[in-house]
Amino acid sequence: GAGVSQSPRYKVAKRGQDVALRCDPISGHVSLFWYQQALGQGPEFLTYFQNEAQLDKSGLPSDRFFAERPEGSVSTLKIQRTQQEDSAVYLCASSLVGRNNEQFFGPGTRLTVL
Amino acid sequence: AQKVTQAQTEISVVEKEDVTLDCVYETRDTTYYLFWYKQPPSGELVFLIRRNSFDEQNEISGRYSWNFQKSTSSFNFTITASQVVDSAVYFCALMTTDSWGKLQFGAGTQVVVTP
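In order, the protein sequence lines correspond to chains A and B.
The opening position of the first sequence corresponds to residue 4 in this note's numbering, with each subsequent residue numbered one higher.
The opening position of the second sequence corresponds to residue -7 in this note's numbering, with each subsequent residue numbered one higher.
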């Protein structure tokens, strides 16, 4: 595909459920980023991968959040025991190697926790 | 610590008017990058421009122009002769050597262009 894709686009979870959000980066992009965007706010950084290595996870809000990219391509963001405050749009972005390169964003997954 | 402030929450204009979006940033780093992204109703962030801290030359791309002033820590964005398709939320973002890879976004400015 030409751009970053994410699935599902929409996810509704009951409080306490686990969810898994998928990101397919642009082919050949070494770097992959996850951001969380609450309603009416700018995206907030969660974590960053270079290939399969998670180089920065300082933005993950709690140990209920876990991200992986085992083969250096597709990435999954997992949220365990979801809470209402986890409701947000989760954006994935990818870029060529080099941290200052422009990041290309996917359409996001809108998570609603009831 | 770094911070990006977009003081304008929403700007409404009539088509063909010019609109300027303000962005003020804070950082102690001397090397950093500034970005503008557009987020249309579909939700996907679209990259518009990247500038580094050593290049204060203003830039024009079609109807878009950017004014970078280090003296006032501002990186403002102007849309000339606005069109309905310009309606979106626009985000200014900062990346510093302190936090390479992390984009620090402002809160965004909603632009509404009416015919």
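Idealized CB from N, CA, C, for every residue including glycine.
Need the endpoints of the beta strand (DSSP E) that residue i sits in, please.
{"i": "W92/B", "result": "Run containing W92/B: none; DSSP gives neither H nor E here."}
{"i": "N68/B", "result": "S66 to I71"}
{"i": "Q9/A", "result": "S8 to S10"}
{"i": "I3/B", "result": "E2 to V6"}
Look up residue i in the DSSP assignment and give the residues it is bridged to.
{"i": "Q57/A", "result": "F52/A"}
{"i": "L94/A", "result": "Y38/A"}
{"i": "D47/B", "result": "The partner list for D47/B (beta bridge, DSSP) is empty, contrary to what the question assumes."}
{"i": "N59/B", "result": "N68/B"}
{"i": "I52/B", "result": "S57/B"}
{"i": "T112/A", "result": "Y93/A"}
What do you get for residue i, buried or exposed, if any count of 16 or more other CB atoms within 10 angstroms of its CB means buried?
{"i": "R84/A", "result": "exposed"}
{"i": "K94/B", "result": "buried"}
{"i": "A192/B", "result": "No information on residue 192/B is available, as it lies outside the stretch -7 to 107 that chain B covers here."}
{"i": "P73/A", "result": "exposed"}
{"i": "S97/A", "result": "buried"}
{"i": "P32/B", "result": "exposed"}
From this set, the options, which residue's C-alpha is nearest residue i's C-alpha?
{"i": "A91/A", "options": "D59/A, K60/A, W37/A and Q53/A", "result": "W37/A"}
{"i": "G35/B", "options": "A80/B, A99/B and V105/B", "result": "A80/B"}
{"i": "S34/A", "options": "Q20/A, V116/A, R12/A and S76/A", "result": "S76/A"}
{"i": "Q44/A", "options": "P107/B, Q102/B and R55/B", "result": "Q102/B"}
{"i": "L58/A", "options": "P64/A, R67/A, D66/A and E71/A", "result": "E71/A"}
{"i": "C95/A", "options": "F108/A, Q86/A and D89/A", "result": "F108/A"}
{"i": "L117/A", "options": "S78/A, E105/A and D89/A", "result": "D89/A"}
{"i": "Q61/B", "options": "E7/B, R55/B and F69/B", "result": "F69/B"}
{"i": "F67/B", "options": "G54/B, V38/B, G98/B and R55/B", "result": "G98/B"}
{"i": "L114/A", "options": "Q86/A, V100/A, E105/A and L99/A", "result": "Q86/A"}
Using a Cβ cut-off of 7 Å (strictly closer), state whether residue i contacts chain D.
{"i": "P46/A", "result": "Here the protein chains are A and B, and chain D is not one of them."}
Item checked: Meets three-Cβ-pair contact criterion under 8 Å: the segment -7 to 13 of chain B and the segment 11 to 31 of chain A -> With the cut-off at 8 Å, the segment -7 to 13 of chain B and the segment 11 to 31 of chain A do not touch.
Note to self: With three or more beta-carbon pairs closer than 8 Å as the criterion, would you say the segment 66 to 76 of chain B touches the segment 32 to 46 of chain A?
What the structure shows: Flag = no, the segment 66 to 76 of chain B and the segment 32 to 46 of chain A do not touch.
Note to self: Across the segment 15 to 30 of chain B and the segment 38 to 46 of chain B, are there enough close Cβ pairs to call them in contact, namely three or more that are closer than 8 Å?
What the structure shows: Short answer: they touch.
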